[in-house]
Amino acid sequence: MIEEIKKLIEQEINTTELRVDGDGSHYQVIVVSDQFEGLRAVKKQQMVYAAVNEHIASGEIHALTIKAYTPAEWEKAKLFV
């Protein structure tokens, strides 16, 4: 399922970095994209949710924790990840 989540996100968002971890139905994603420039955190998360919404609706993904960054934000944040 991890690879499928990656594929779904990459189909909708041009990522410069994408990390997916988790098991069962609980997953954590880190998405880095230029497309997030100028967007608030909620809008970034909505973009990621939209990419995997079908699997959330079906219950295949029960919980998804999203961290979405621009490349500049990621350069600062990855020091703490």
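Numbering (our numbering), first residue to last: 8 to 88.
We treat Cβ as the ideally placed atom computed from N, Cα and C, and that holds for glycine.
Here the structure is a predicted model, which is why all the values come from computation and not from measurement.
Just tell me which of the options has its CA closest to the CA of residue i.
i                : options                       : result
isoleucine 9     : Ser32, Trp81, Lys85 and Glu19 : Ser32
glutamate 92     : Leu46, Leu15, Tyr34 and Gln18 : Here the chain comprises residues numbered 8 to 88, so residue 92 is not present and cannot be evaluated.
glutamate 17     : Lys85, Ser65 and Val59        : Val59
methionine 54    : Ala84, Ile73, Leu86 and Asp28 : Ile73
phenylalanine 87 : Gly66, Val49, Lys14 and Ile37 : Ile37
glutamine 52     : Tyr76, Lys83 and Gly66        : Tyr76
So residue i is in the alpha helix (DSSP H); what residue range does that whole segment cover?
i            : result
serine 32    : No alpha helix (DSSP H) contains serine 32, which DSSP labels as neither H nor E.
glutamate 86 : The sequence given here places leucine at residue 86; glutamate does not occur at that position. Segment: none, leucine 86 is in no alpha helix (DSSP H) and carries neither H nor E.
isoleucine 9 : 9-19
Going by the CB atoms, is the gap between residue j and residue i shorter than 8 Å?
i             : j            : result
isoleucine 20 : glutamine 42 : yes
Uninterrupted alpha helix (DSSP H) stretches inside the region 42-69 (no shorter than 4 residues): 48-65
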